[in-house]
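Visitor: So that we are looking at the same thing, I have put the structure below in structure tokens.
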Amino acid sequence: MTCKEFASLTDSYLYGKLSEEKQEAFELHYFGCDGCFARLKAAERLHSKEVPIVAASKTPAFEWSELWKWKPLLAAAAALLVVVLLSTFVIQHSRHMKLIYDISTFPPPVYMKSEVRAPEYGEAFTEAMQYYSQGDYTRALEILKQIPPPSRNPQVIFFKGVCFLLADELKHAVTELDIIIEDMNASYYDEAIYYKAIALLRMNKKDKALEQLKHLAGMFSPYAPIAKELMEKVNNTL
Amino acid sequence: MKLIDRLMADDVKAQRELIKKFNSRIFMYFRLRIKGEEGYEDLVQEVFTSFFAAIKKNKVTEDQFIAPFIFGIARRVMYNFFYKKKRNENIQKKGEAEFEISYDFEEDERLSNEKMNEIIREVIDEKLADVDKIILKEFYLKENDVGEVAELIGKSRHYVSVRKERALKKIKNEILKDKDVYII
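Residue numbers (this note's numbering), protein chains in the order written: chain X, 722 to 959; chain S, 320 to 503.
Right, here's the structure in full:
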């Protein structure tokens, strides 16, 4: 007989309700088990009615341990709360991001074949820019990606960066546009800062975006007025 | 040194230890088994005298067999009691045993019970919540069953059983701490 079985049979033993076989097993157990005998003795003493028990009232006070009984319900409530909080967070976050995208809407920079700012980069670039001009930025990006990386051609890099931005591949957009900025390329420098600021804004990096826009707004550049405008929108809205 | 070796060497302290440990168990056994019959107290001494005699004859050689051996003797003594009673024979009187023990088993049991009542009272007063007291009172003093107690306090049967078990466990732990009552 185990101690657990013993405990469950204690009252039946004291009331003489056990079968002969169980009673013998019970008795053999308490002869050899100190803990169980102490427990039996406690029950027997209480049963003897020699110990007065004074209880304050018949309405038990609240017990914290009772909460254990509600464990499954509490767990469900906690899960529900987490779901509600998460949903609220997700909804608020998506509203916030929609706002960011709304205020940072931009017309894609126009590609002009005749422009003189940089030489064209082979047939691949020409094909990519055809798609770009048609508004198919995804296909344009696919082709631009295939142009070998050693190329430091600012035109290729800039439009690759813009295509990444339009395809919402923001980290890549920042990486490409940073190359233009680091090279201080006069043809695309201002534009690169502007589009990098938009990429940072959409990455929810408001402070870094504002830093870029502030820098651009202070420059003597055709992009300074739109940088200021965007800064105001960001500060007023977000 | 093993208890059994000390007993075989007639160590009086070891004998007292053994009696103190098993006296209450044997009393409990007879009290429950020979309910309503007179004279069962003498049987406790008979168990111990038989045990010490058996020790002298090397019938028990390991500590772990002491408890089941004593239980076996108590069971045999109980059956003999009923057998002799049925045949109207005189039950063996004190002093007729082949092994004399000078010990007041009944007094020891009385003191042990008194001390234990005191411990239980203390635990009930100081360590139990009101709800536990109500459960113990309704169950042990008023002899309501678990279902009736549950209905009375407006809780489930499971709640009552668990709280009763926890209360008993607290009392048990205090009893085990007290060496005057009990020797482990």
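All C-beta atoms in this analysis are idealised placements derived from N, C-alpha and C, irrespective of residue type, glycine included.
I need the DSSP call for T826 of chain X, collapsed to helix, strand or coil.
Guide: Coil at T826 of chain X, not helix or strand.
Visitor: With I900 of chain X as the anchor, note down where its alpha helix (DSSP H) starts and where it stops.
Guide: From DSSP, the alpha helix (DSSP H) with I900 of chain X extends over L891 to D904.
Visitor: By the 7 Å beta-carbon criterion, what residues does the stretch 378-398 of chain S contribute toward chain X?
Guide: A386, P387, I389 and F390
Visitor: Compare the C-alpha of I919 of chain X against each of X:F879, X:N957 and X:I821 and name the closest.
Guide: Considering only alpha carbons, the answer is X:I821.
Visitor: If the cut is a Cβ gap below 7 Å, which residues of chain S does E765 of chain X touch?
Guide: M347
Visitor: Counting contacts by CB-CB distance shorter than 8 Å, is L487 of chain S in contact with chain X?
Guide: yes
Visitor: Are at least three pairs of beta-carbons, each pair with one atom in the stretch 434-447 of chain S and one in the stretch 344-354 of chain S, less than 8 Å apart?
Guide: no
Visitor: Which of the three DSSP states is assigned to I374 of chain S in this structure?
Guide: helix
Visitor: CA-CA distance, E771 of chain X and L430 of chain S?
Guide: 13 Å
Visitor: By how many angstroms is the C-alpha of V396 of chain S removed from the C-alpha of S480 of chain S?
Guide: Here the alpha carbons of V396 of chain S and S480 of chain S stand approximately 36 Å from one another.
Visitor: Under DSSP, the alpha helix (DSSP H) around F400 of chain S begins and ends at which residues?
Guide: F400 of chain S -> alpha helix (DSSP H) spans I385 to K405.
Visitor: What is the C-beta distance between A930 of chain X and V955 of chain X, in whole angstroms, given that I count them as a contact (C-beta under 8 Å)?
Guide: 7 Å
Visitor: Could you check which residue in X:Y832, X:A796 and X:M818 has the C-alpha nearest to that of T826 of chain X?
Guide: X:M818
Visitor: Kindly indicate which residue of X:E748, X:A894, X:F879 and X:K935 has the alpha-carbon position closest to the one of S908 of chain X.
Guide: The residue among X:E748, X:A894, X:F879 and X:K935 with its C-alpha nearest the C-alpha of S908 of chain X is X:F879.
Visitor: Taking 8 Å as the CB-CB limit, is L795 of chain X close to chain S?
Guide: With a threshold of 8 Å between beta carbons, L795 of chain X makes no contact with chain S.
Visitor: So the alpha helix (DSSP H) L326 of chain S belongs to, where does it begin and stop?
Guide: L322 to M327
Visitor: Is the stretch 850-865 of chain X touching the stretch 804-812 of chain X, taking contact as three or more C-beta pairs under 8 Å?
Guide: no
Visitor: Run down chain X in chain order and give the residues with a C-beta less than 8 Å from the C-beta of Y459 of chain S.
Guide: A764, L767, H768, K770 and I774
Visitor: Is it the case that the Cβ atoms of G753 of chain X and P387 of chain S are separated by a distance below 8 Å?
Guide: Yes, they are a contact pair.
Visitor: Rank S:K403, S:A393 and S:S343 by C-alpha distance to the C-alpha of E745 of chain X and give the top, closest one.
Guide: The residue from S:K403, S:A393 and S:S343 with its alpha-carbon nearest to that of E745 of chain X is S:A393.
Visitor: Taking only heavy atoms of the ligand COA into account, decide whether any of them is closer than 7 Å to the Cβ of I901 of chain X.
Guide: This structure does not include the ligand COA; it has no bound ligands of any sort.
Visitor: State the DSSP-derived secondary structure class of T859 of chain X, mapped to helix, strand or coil.
Guide: Note: T859 of chain X maps to helix in three-state DSSP.
Visitor: Quick check: is the beta carbon of F727 of chain X nearer than 8 Å to any beta carbon in chain S?
Guide: no
Visitor: Under 8 Å between the Cβ atoms of L921 of chain X and V883 of chain X?
Guide: no
Visitor: At a CB-CB cut-off below 7 Å, which residues of chain X make contact with I439 of chain S?
Guide: A763, R766, L767 and V772
Visitor: If you draw a straight line from the alpha carbon of Y916 of chain X to that of M833 of chain X, how long is it in whole angstroms?
Guide: 18 Å
Visitor: From the beta carbon of A746 of chain X, is the nearest beta carbon of chain S less than 8 Å away?
Guide: Taking Cβ atoms only, chain S never reaches closer than 8 Å to A746 of chain X, which makes this a no.
Visitor: Taking DSSP as the reference, what is the three-state secondary structure of L959 of chain X?
Guide: coil
Visitor: Quick check on R335 of chain S - is its C-beta less than 8 Å from some C-beta in chain X?
Guide: no
Visitor: Between the stretch 363-376 of chain S and the stretch 451-463 of chain S, do three or more beta carbon pairs fall short of 8 Å?
Guide: no
Visitor: Give me, in chain order, the residues of the same chain whose beta-carbon lies closer than 8 Å to that of I338 of chain S; leave out the 5 immediate sequence neighbours on both sides.
Guide: F367, I420, Y422, F424 and D427
Visitor: On the premise that I812 of chain X lies in contact with T958 of chain X, defined as a C-beta separation below 8 Å, what is that separation, rounded to the nearest angstrom?
Guide: Actually they are not in contact, since the Cβ atoms of T958 of chain X and I812 of chain X sit about 18 Å apart, beyond 8 Å.
Visitor: From the DSSP output, in three-state form, read off R475 of chain S for me.
Guide: It should be noted that the sequence gives Ser, not Arg, for residue 475 of chain S. Coil at S475 of chain S, not helix or strand.
Visitor: Please decide whether L730 of chain X counts as near chain S, where near means a Cβ-Cβ distance under 8 Å.
Guide: Output row for L730 of chain X: interface = no.
Visitor: Straight-line CA distance for N432 of chain S to L495 of chain S?
Guide: 14 Å
Visitor: What's the call for P793 of chain X, buried or exposed, on a 16-neighbour Cβ count within 10 Å?
Guide: Residue burial annotation: P793 of chain X is exposed, with fewer than 16 other C-beta atoms found within 10 angstroms of its C-beta.
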